[in-house]
Structure formats: C-alpha cells, structure tokens
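Single-structure report; data block below.
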Amino acid sequence: MKNEICILVKDLLPSYIDGVCSEDSITIIENHISECEECKALYESMKSDFMADEDLYADNGSAGSEEASEFETTGLAGNSTVGKDIDEGTSPSEKTGKVNSDYKYRERNIGNGSDDYDRELLKKVNEKIKKRENKFKVASLVAIAAAVVLILVMFLPIVPVRHDSMDIRVLVNNMSNYSLDEFPEAGKFEDLKDDNTIFVYDDDCVKNKAFDELTFYEVNAPILPQDTTFMVAEGFDLSKLVVVEVSSNKIIKSYSYKEKNSRLVFSHFRTSLAGLILSNDENSFTTRVVNFDGVKEVVFE
Ligand SMILES: [Zn+2]
C-alpha cells in the first residue's frame with residue numbers, strides 16, 4: 252500500500268511543486284510526505300532543483316530567490332502543521348480546511364510569484380531587445396559616420412600635386428604693346444558679360460563711375476586662348492596686366508596664390524583622392540589668373 256501511494260506521489264510531485272495540483276491531490280501529497288521520509292526527500296530535492304532553475308532564469312537572482320524562500324517557508328510550515336494535525340488526531344474536515352487555507356495562501360504566493368516572474372522575464376527580454384536595438388543604432392551611426400568621413404576624404408583637396416607635373420604658363424605679362432585703339436568692340440558690362448569673359452579694371456578706371464557705366468574694350472592679343480575673352484576697362488594701364496594659365500591633367504581642387512614684393516607666388520596645388528583616381532586628360536583642369544598690380548615675376552612653389 253505504501254509503495255503504491257509512493258508511486259502516485261512521485262508522479263504528482265512535479266505538478267505539486269508547479270502549484271497546479273487539485274486540492275485533493277495536495278492533501279494526499281502533503282499527508283504522505285509528512286510521514287514518508289523517502290518521498291519527502293524526493294520532494295525536497297525536486298523543489299531545490301526547481302528553485303535552481305528559477306535562479307538560472309533570473310539574472311540577478313534577487314526576485315527569484317525571494318520568491319523561493321517564501322515558497323519554502325510556506326511549504327515547510329504547511330508540512331509541519333499537517334504532520335502535527337495527524338499526530339494529534341485532528342478531524343479530517345478541520346485538517347482539510349487547514350491544508351486548504353495553506354494551499355490557497357501558497358497558491359496566491361506562487362501565483363503572484365509567477366506573475367512577478369513573468370513580468371521580470373518580460374522586462375529582461377525587453378531590455379535585451381532594447382540593448383540589441385541600441386547596438387544596432389550605434390552600429391548604424393558608426394557606419395554613417397565612417398561613410399561621411401570616407402566621402403570627405405575622397406573629395407577634400409588633401410593630396411598635393413607637384414607644380415612641375417603641371418602646365419603653368421604666363422600668358423600675358425605687360426600688354427602695353429597693344430593700344431586700346433586696337434580693340435574694336437567696346438561696350439558696357441551688361442551687354443558683354445558671358446561665362447568666358449574676364450573683365451579687367453582697377454580703381455583708376457572706376458573712379459567715381461558705377462561699375463555698369465564702365466566701357467570695356469576687347470583684348471585682341473593673339474597669345475590669349477580662344478575660349479576666353481578679356482575685356483579691359485577704358486583707362487586701364489595695360490603694362491600692369493598679368494594673365495597666368497594653370498593647366499593640369501590632375502583635377503586641381505584648390506591652390507593658392509599671393510602677391511609678395513611684385514612677385515605672384517603660386518603654391519599648395521591640391522587634389523582629392525577621388526580627383527587623383529579620376530584624373531586624366533579629359534578631366535584636365537585649366538584656370539586663368541588675372542592680376543593687374545604690376546607684378547614683375549611669377550613664381551611657383
Ligand atoms: Zn512515500
């Protein structure tokens with residue numbers, strides 16, 4: 252007989268520990284484990300396994316272990332009460348009532364515990380998802396920043412280009428051999444302007460006139476390139492005019508020039524990584540620098 256109930260109790264113990272047994276089963280189990288050392292031992296070991304599993308799920312273990320200790324205390328109290336009731340020969344109805352109330356109390360605790368546990372688990376899952384999302388966001392930002400840096404590096408003028416690998420010519424230096432009378436087409440700025448026209452004037456020409464009122468003459472010097480028209484304002488001193496053409500098969504993104512003691516100094520020719528990669532004769536770069544301050548020498552550094 253004892254063996255048969257032991258087998259039944261062993262089968263029911265997992266459900267009992269999970270808190271899903273019927274009240275009748277609980278009564279049977281608790282009565283039995285209060286008097287059967289073997290089943291009690293089994294119950295204790297299964298219960299501690301169950302607690303260990305719960306602790307495993309709870310990362311910090313605080314919520315889990317609190318629940319665990321509460322559960323354990325209640326369970327033991329229940330057992331000892333039941334045991335005492337039996338020893339003292341309490342009537343079955345009283346005993347059942349006692350066990351029931353213990354069971355309900357415990358069920359409530361387990362119920363609350365498992366709700367808390369679910370909430371805790373859900374919170375942790377959400378935190379993990381959030382962490383993962385944050386990691387993804389950080390990774391995206393890093394990728395975007397890297398792309399921006401790459402684009403900047405590709406297109407910023409940071410690669411030096413040696414001036415002796417370029418074609419730099421002084422096209423005009425002192426045009427005083429030409430007289431204004433030789434420039435047949437003259438007109439106002441508004442009538443003459445187009446993309447390839449360079450207007451040359453200085454303070455001596457402007458005087459009190461508005462810019463639009465200045466009369467310009469075309470420079471017909473044969474040395475000038477075909478695609479550019481120089482219009483020189485009436486009164487401009489042609490001996491002060493310097494025109495420098497800078498050509499390169501590299502795409503020159505930036506360069507600087509400055510006047511120093513009647514010297515026009517060109518330096519810091521730069522291209523970008525993209526410019527360097529794309530550079531070829533078709534992408535050649537040409538610019539014309541016009542200076543009219545009486546420069547006597549043009550220098551490339
Ligand atoms: Zn037993």
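Residues in the sequence shown are numbered from 252 upward in steps of one, following the numbering used here. Think of the CB as a built atom: it goes at the ideal place given N, C-alpha and C, for glycine as much as any other residue. Remember, predicted model here, so these are calculated numbers, not experimental data.
Residue i: first and last residue of the uninterrupted alpha helix (DSSP H) it sits in
i, result
"T278", "274-286"
"F440", "440-443"
"D418", "Careful: D418 lies outside any alpha helix (DSSP H), inside the beta strand (DSSP E) at 418-424."
"V457", "454-457"
"L527", "524-529"
Inter-residue spacing [alpha-carbon to alpha-carbon] between residue i and residue j
i, j, result
"D367", "S285", "30 Å"
"N424", "L392", "54 Å"
"L407", "N459", "42 Å"
"N542", "S513", "11 Å"
"F301", "V389", "39 Å"
"K588", "F387", "Since the first residue of the chain shown is 252 and the last is 552, residue 588 is not available in this structure."
"I395", "Y294", "58 Å"
"L492", "S427", "9 Å"
"I277", "Y267", "7 Å"
"I409", "R521", "6 Å"
"H414", "D463", "38 Å"
"L372", "L264", "25 Å"
"F467", "N531", "37 Å"
"I419", "Y506", "13 Å"
"S535", "S499", "5 Å"
"E274", "D304", "25 Å"
"C257", "C290", "7 Å"
"R539", "D455", "23 Å"
"L443", "K504", "29 Å"
"G270", "E281", "13 Å"
Opposing strand residues paired with residue i [DSSP bridges]
i, result
"Y468", "A437, V483"
"Y508", "F517"
"I449", "F481"
"P411", "R521"
"V540", "V495"
Residue range of the unbroken beta strand (DSSP E) whose run includes residue i
i, result
"V546", "Taken as a continuous stretch (DSSP letters only), V546 belongs to no beta strand (DSSP E), as it is neither H nor E."
"E496", "493-499"
Assigned exposure category for residue i - 16 Cβ within 10 Å defines buried
i, result
"A398", "exposed"
"S523", "buried"
"H283", "buried"
"A461", "exposed"
"G526", "buried"
is_contact[residue i, chain B] using C-beta, thresh 8 Å
i, result
"D454", "Going by chain labels, chain B is absent from the structure shown, which holds only one protein chain."
Q: Please list, in chain order, all residues with a C-beta atom less than 6 Å from at least one heavy atom of ligand 1.
A: C257, V260, H283, C287, E289, C290
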